[in-house]
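J.: Residue numbers (full-length UniProt numbering), protein chains in the order written: chain C, 1 to 408; chain B, 1 to 408; chain P, 1 to 408; chain E, 1 to 408. No residue lacks a Cβ here, since even glycine has one placed at the ideal position from N, Cα and C. The following block contains the structure, expressed as structure tokens.
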């Protein structure tokens, strides 16, 4: 791609220092018109201030897109993923991963709406996010061009960046209280990277965490909540119907209050190296546990096991940026097929980092029946049936043994 | 099988009321010689008293086998399973399941040593344990006979059992402090079933738990421990080498003290129904988390992902009683192949139910390197490589899109 | 179940000797009303004669159900299965397995329509079919009773059966030309078991095969056909639209003529033993190859690979009788999601047992583009992209190597 | 990498025109010493003539490596892969894929032996082979440099190549009888790409095939062979012990004679596009079928099913070039664990493209027993056991149905 080939570019613009530098750099280097796109996906910062900043950088008002995507984010991305009980590498709830395809989608849609031929983002050249943005964009528009400044420019140190900003009149005053860590936030989680975290043998400082209290500082009183599920999605909290974004917001508040959802891991990036990250996912941590609990009484055994077998692949697809791929959609079709009976309520106790299931019930879809599991007689289970069940399941071993095959 | 076909039977004998009744019943119904086998697998009760009870029931001294299997249990069953990070249905650490094959193995071996043609156990007719015992036995000796009294006799109520015991001079006085729940205990866990647990919407009473304190009653001070791993197994704690059973014993003590490892779930039994169970697995809960942590810096990404994909099947095999099956051994071969580099130490903080990883290190096998994941330049990663990586990974979408395939 | 509990039973009735004996035996032993169900699923025998036989055995005319299920069989069972490219144990096209759930379904439906409380079938006690019938029936009606005479009666030898038939006036004259093998036939295949086949080291006699010619006797001239696919199903042959049953009938004729689709294997039964079977699946063998061919140009790579990974499980589910299970439906949902683009035509050459793909094309969904795979330059693929693609895919090895991990 | 960084490069040198041009180009562009490596892996051409060509191009005699790797190729690469029954995308036997890691291994080893810091190959920039060579090389030596001339130079048309050759005195006279197709050959297969094959709707000309006769021209008489297996590998043919390479050579001769092993497919390349290829794999086609046959009587059912479930991933790993990866080794460990009982003989009839199994036997490991699958009584199988087996396998459906869940 030649620089002059780009006529108009849609930039994922946070309003912060880095993407402001990118904005300017795109104007200078590509001599092209820039459209800014700023989304509220629950990162907890005002998005409206990005408008003024964009205008100051010479963006035409009609080229400034500021949108509240919180409901779409939770409804169409977070909830479908939680139906899968997705966890990456046994630990990570995919908070950053799941937000990227939505941004990619809106970038491509805004490009179409504004006649832009290109999109750009501020993800660095060693991370997963560049992959997620760009694979998402290509999947939605095969002709889209992509500019990834971090892989292209020579502003590859903090000093050069600040010098460039200053030269171009971009405000570099550090926001008060801004974290020194590399962070990403949305309605599902906050992530932290960098600094002391670069030594996996070094625990994070307690003041790193922005959202949740430490379990040690959480209330001494536990709190019990009730979540109602419909087709695998949480729809009401303590008896009150909530929209998807409202639900996650409220579960975040509750989880954060009780020290729930902190995570400190070394994970494997798609681009090949290991990376240390810390995460806060208070509401998501509650949702995962509660969803498994409602599934435990409503989901058929083999449906549940099949879900568990498919899950790692599903999680990798989300982590690696393949949300819009045919294979993710195939897995989603299988998962969603299983969720039509996942209806009922779960009661959860929150206490100092613990998410404790204390009850699950389903008026309509309960497959648990006390009578069938006690040692007493019941109407559907003849204990003598176990003889044949065991005998035929063991038959291949019996035949092998009788044919002289030993087992050690 | 005709009753007269049985000449000599090895009974898994705990010394308790139920297996004492079985012992007597076998003598009466089958008119056969009975060999008792009592194992210490860490259930926390003396096994030696079973000798006297057996003798009182007429068992010949040379037919009484009392063994301490704790080291074998942890070394050859628990540890291999934890190399797999096995969890059944997203929650259960398989504490009961993993002990059964060992019992089956010794039953068959003792049968061979004593010239017995039959084995017997006290597992009920609706549970998983009967399957685990019997499939294990058949896998190890295809000609072995099995008597499962609970599926056969008509002592199918508590009253009939007690009457039978009384009539036969078996002590039915309730042991002081004995739990009213149906329990199973070994060095990995204690399980609880029955009573109020039969309503999955009813939380267990706090006095049910026998091993761990409640997180609410755990110390206000956290405790930090360091576990050293060798080839995927924990070998030293706080710098002190421990045998497998010593290691698990000590981790249990620590976990129990800090309210770690309580679990309350509805699970799917192999014989077809759902069942409510509560579990305490203090040491196992620490081990699972710590093992994932040491793997996170020492295991190759795709090896880790393959393990995650195979794990649900592995866990089901253990749960269903297929420890001695060729397919479990195939999976174990794959898992063990991956563990040769899983060496290093993990530091863990224990606090009121929380298992918090605060450090992981490996002098010999660390694959984490800070330089490769920062946004700075490094020697092995050229950020421009990401262009091609993304482009070719997206190529199938680009081609599809250019051929007119839309993505929604 | 007590015998007097059965009021009315629906019997899968072929009109042959065995099921006529069963019919009589049910009347005698269970003293119940019998409803007969005879289906044409393409077994190649008239079904109408079963009416007279049933009447002769005292069945009321309104209790005789004779149905042509060929279209439903192919449309709702065979075609969905072929979308999955299902093969059991690398060889078997599941011809018998796929017909059983349809029979189970109609048995249960007819039971409902006639007020019967029970169903019965003529499958033997060591085979897979009993499982498929009964699991199917229970899945569709949990209260249905099942009588499996072969597991119950004492007519366990050919002599006793014939004696019973003679005593009860059932015609035992051997049908002229009837195969001495144990056979099952439907529109998808014919299976053979028994006699010399019981020695897996003994090849079948050539006169065993009923449907296809030997490749050695097939025409010396090959024949080229063109199959059109829509959403993964074949819909037209040589330009002529055909219904599902017409399609399979015609492909059977063509395959049989050219010696296609004979198979001779040892397979693993669900009930635990190995079993030798021979199969003729002429049309199915063509369909499998042709379906893979149309998928090869229309299906996304990872969708295709995911299908391949799910296939063995899908095939086992069908083989084991779990057609109506939630897990089969989940897999089907995933598979069907992938088939919407599987449209186009395949040209196939048939020659002495060989199915040779000689062309595949799709006007609407072709993902193949010559330009992208030649060594020439093209618009979507920059060969330099391969540098980064390879480098990042190899990065985990490079890092491991630099950290001292050797690879042998 | 700067060009002056390369001191000495090991080139995979066939002696043909393309790699001769590369040799010269490396000398000119990189000003470095070139080591040539020419291997006989059964491609059917003399390798010794490459020596003189290399010398003519100025290579020092001590820098010329010509090796016969046929035994290592079959023993350590082909046979392990065939233990897995590996097939890529349902059709392709991975003939090219499996040879590349061996070449990569020797390139790296020769680099070490000669003090070279770089390897080079003649694979083009859009294919899979570049990936296989380079991932293999990096996996074995993380510091190795790689030069892939086709991705780097501007000789990107046939004309430029020829001009370059002529200018540099490289013989461009077309070898008589040389195929116009792009071919790759080794002891396992020959592949063809290009020309008319670039239209997937166009069948290959019959004179393209170099190895096998057409089924139409194969002998009218079939031929029966007997293959003996040991631990999953073929070790004797018609009673005569053969080394791995001898075995494959002889099976190729037999298969080719009988028109066996031609394949014409569209496959998905790892680098993202679809590609048409034709393949001849006569011996491999026989081996796959025969291996499945010997497994059918010696392998446990669930071991076989697990192998089938793992196979697609294994095949993709081989196809994509991950032979030396931890995950391929894990899968191989699982597969090899299963093969210790795969011993016995298979008789195969070869006839005009057909590979027909006509017998399988194992004196030591046969799990088939006629008695267990007939409808007669036997000692290990009580037909009444099927009642319980079916009932408990259906229990989850029965409970679901009784709880009101319908199944459609």
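1. Pick out the complete beta strand (DSSP E) segments inside the segment 256-332 of chain E, 3 residues or longer, and give them in chain order.
2. Starting from residue 429 (chain B), follow its DSSP beta bridges and name the residues at the other end.
3. By the 10 Å Cβ neighbour count, where 16 or more other Cβ atoms means buried, how is residue 108 (chain B) classified, buried or exposed?
4. How far does the alpha helix (DSSP H) with residue 351 (chain B) in it extend, from its first residue to its last?
5. Does the distance from the C-beta atom of residue 238 (chain E) to that of residue 343 (chain E) stay below 8 Å?
6. Do you know offhand how far residue 126 (chain E)'s Cα is from residue 292 (chain P)'s?
7. My output table needs one value for residue 11 (chain B): the three-state DSSP class, helix, strand or coil.
8. Please go through the segment 118-199 of chain P and give each complete alpha helix (DSSP H) segment of 4 or more residues, from N-terminal end onward.
9. Which one of B:17, B:53, B:80, B:39 has the shortest CA to CA distance from residue 410 (chain B)?
10. Please confirm whether residue 400 (chain E) and residue 300 (chain C) have their CB atoms less than 8 Å apart.
11. With a cut-off of 8 Å on the beta carbons, I'd call residue 314 (chain P) and residue 113 (chain P) a contact; round off their distance for me.
12. Does DSSP classify residue 365 (chain E) as helix, strand or coil?
13. Would you please verify whether the beta carbon of residue 399 (chain P) is less than 8 Å from any beta carbon of chain C?
14. Could you have a look at residue 360 (chain C) and say whether DSSP puts it in helix, strand or coil?
15. Which of the three DSSP states is assigned to residue 56 (chain C) in this structure?
16. For a contact defined as C-beta to C-beta under 7 Å, what are the partners of residue 316 (chain E) on chain P?
17. Residues of the segment 327-339 of chain P in Cβ contact with chain C at a cutoff of 7 Å, in chain order, please.
18. Taking Cβ-Cβ distances shorter than 8 Å, what residues in chain B pair up with residue 357 (chain C)?
19. Cβ closer than 8 Å: which chain C residues qualify as neighbours of residue 100 (chain B)?
20. Considering only DSSP beta bridges, list what residue 109 (chain P) is partnered with.
21. Measure the CB-CB distance between residue 99 (chain B) and residue 119 (chain B) and report whether it falls below 8 Å.
22. Quick test of your reading: residue 269 (chain C) and residue 156 (chain C), contact by CB under 8 Å. State the CB separation rounded to the nearest angstrom.
23. Taking three-plus beta-carbon pairs below 8 Å as touching, is the segment 207-220 of chain C in contact with the segment 342-361 of chain C?
24. Taking only the alpha-carbon atoms, compute the straight-line gap between residue 111 (chain E) and residue 117 (chain E) and give it to the nearest angstrom.
25. DSSP on residue 114 (chain B), reduced to helix/strand/coil?
26. Please confirm whether residue 395 (chain B) has its beta-carbon closer than 8 Å to some beta-carbon of chain P.
27. Going by other Cβ atoms of all chains shown within 10 Å of its Cβ, with 16 needed for buried, is residue 130 (chain C) buried or exposed?
28. Return yes when the C-beta of residue 276 (chain C) is under 7 Å from any heavy atom of the ligand ZN, and no when it is not.
29. Looking at residue 33 (chain P): is its Cβ nearer than 8 Å to the Cβ of residue 224 (chain P)?
30. Would you call the CB atoms of residue 132 (chain B) and residue 97 (chain B) closer than 8 Å?
31. Just confirm the distance between the C-beta atoms of residue 428 (chain C) and residue 201 (chain B), as a whole number of angstroms; I'd bet it's less than 8 Å.
32. Which residues of chain C have a Cβ atom closer than 7 Å to the Cβ of residue 271 (chain B), listed in chain order?
33. So is residue 406 (chain E) buried or exposed if we call it buried at 16+ other beta carbons inside 10 Å?
34. Which term fits residue 275 (chain C), buried or exposed, when burial requires 16 or more other beta carbons within 10 angstroms of its beta carbon?
35. Just reading off the beta strand (DSSP E) that residue 33 (chain E) is part of, what are its end residues?
36. Just to make sure I have the definition right: I need the residues of chain E whose C-beta is within less than 7 Å of the C-beta of residue 91 (chain P). Which are they?
T.: On the basis of the supplied data:
1. 262-268, 274-280
2. What the structure shows of chain B is the stretch from 1 to 408, and residue 429 (chain B) is not part of that stretch, so it cannot be assessed.
3. Here residue 108 (chain B) refers to the residue found at position 108 when the second chain is read from its first residue. The residue in question, residue 108 (chain B), is buried, as its Cβ has 16 or more Cβ neighbours within 10 Å.
4. The sequence position of residue 351 (chain B) within the second chain is 351, counting from 1. It is not in any alpha helix (DSSP H) - residue 351 (chain B) instead sits in the beta strand (DSSP E) that spans 344-351.
5. Here the question's residue 238 (chain E) lines up with position 238 in the fourth chain. Here the question's residue 343 (chain E) lines up with position 343 in the fourth chain. Cβ atoms of residue 238 (chain E) and residue 343 (chain E): not closer than 8 Å.
6. Indexing the fourth chain from 1 puts residue 126 (chain E) at position 126. Indexing the third chain from 1 puts residue 292 (chain P) at position 292. Roughly 24 Å between the two C-alpha positions.
7. Counting from 1 along the second chain, the entry for residue 11 (chain B) is found at position 11. Three-state DSSP puts residue 11 (chain B) in a strand.
8. 129-140, 149-152, 158-167
9. In the structure as shown, chain B begins at 1 and stops at 408. Residue 410 (chain B) is therefore absent and cannot be evaluated.
10. Along the fourth chain, one-based indexing puts residue 400 (chain E) at 400. Along the first chain, one-based indexing puts residue 300 (chain C) at 300. The answer is yes: Cβ separation under 8 Å.
11. Locating residue 314 (chain P) in the third chain gives position 314, where the first residue counts as 1. Locating residue 113 (chain P) in the third chain gives position 113, where the first residue counts as 1. Contact doesn't hold; Cβ gap of about 31 Å is too wide.
12. By 1-based counting over the fourth chain, the position of residue 365 (chain E) is 365. If DSSP states are grouped into helix, strand and coil, residue 365 (chain E) belongs with coil.
13. The count along the third chain starts at 1 and reaches residue 399 (chain P) at position 399. Yes - at least one Cβ of chain C is within 8 Å of the one on residue 399 (chain P).
14. Counting from one through the first chain, the residue named residue 360 (chain C) turns up at place 360. It is a strand residue.
15. On the first chain, position 56 is the one that residue 56 (chain C) refers to. It is helical.
16. As a first step, residue 316 (chain E) is located in the fourth chain; it is residue number 316 there, counting from the start. Simply 305.
17. 327, 329, 330, 331, 333, 334, 337, 338
18. Within the first chain, the letter at position 357 stands for residue 357 (chain C). Correct list: 264, 265.
19. As a position in the second chain, residue 100 (chain B) is number 100, starting the count at 1. The premise fails here: residue 100 (chain B) is roughly 13 Å from chain C at the closest Cβ pair, so nothing lies under 8 Å.
20. Position 109 of the third chain, counted from the first residue, corresponds to residue 109 (chain P). Partner(s): none; residue 109 (chain P) has no beta bridge.
21. Within the second chain, residue 99 (chain B) is the residue found at index 99, counting from 1. Within the second chain, residue 119 (chain B) is the residue found at index 119, counting from 1. No, Cβ-Cβ distance for residue 99 (chain B) and residue 119 (chain B) is not below 8 Å.
22. For the purposes of this step, residue 269 (chain C) is taken as residue 269 along the first chain, with counting starting at 1. For the purposes of this step, residue 156 (chain C) is taken as residue 156 along the first chain, with counting starting at 1. Their Cβ separation, rounded to whole angstroms, is 19 Å, which puts residue 269 (chain C) and residue 156 (chain C) out of contact at 8 Å.
23. yes
24. In the fourth chain, counting from the first residue as 1, residue 111 (chain E) sits at position 111. In the fourth chain, counting from the first residue as 1, residue 117 (chain E) sits at position 117. Their backbone Cα atoms lie some 6 Å apart in a straight line.
25. In the second chain, the residue the question calls residue 114 (chain B) occupies position 114. Residue 114 (chain B): helix per DSSP, three-state reduction.
26. Sequence index remark: in the second chain, residue 395 (chain B) carries index 395 (1-based). It does: the Cβ of residue 395 (chain B) has a partner Cβ on chain P nearer than 8 Å.
27. Taking the first residue of the first chain as 1, we reach residue 130 (chain C) at position 130. So residue 130 (chain C) ends up on the buried side.
28. Within the structure as shown, the ligand ZN is missing, as the structure has no ligands at all.
29. Walking along the third chain from the start, residue 33 (chain P) turns up at place 33. Walking along the third chain from the start, residue 224 (chain P) turns up at place 224. No, the pair does not count as a contact, with Cβ atoms beyond the cut-off.
30. Residue numbering aside, residue 132 (chain B) sits at position 132 when the second chain is read from its first letter. Residue numbering aside, residue 97 (chain B) sits at position 97 when the second chain is read from its first letter. Contact: yes.
31. Coverage of chain C is limited to positions 1 through 408, which leaves residue 428 (chain C) absent and any answer about it impossible.
32. On the second chain, residue 271 (chain B) is found 271 positions in, with the first residue counted as 1. Neighbours of residue 271 (chain B) on chain C, chain order: 386, 389.
33. In the fourth chain, residue 406 (chain E) corresponds to position 406, counting from 1. Result: exposed.
34. Locating residue 275 (chain C) in the first chain gives position 275, where the first residue counts as 1. The residue is buried, with at least 16 neighbouring Cβ atoms inside 10 Å.
35. Position 33 of the fourth chain holds residue 33 (chain E). Residue 33 (chain E) -> beta strand (DSSP E) spans 33-40.
36. On the third chain, residue 91 (chain P) is found 91 positions in, with the first residue counted as 1. By Cβ distance, chain E contributes 292.
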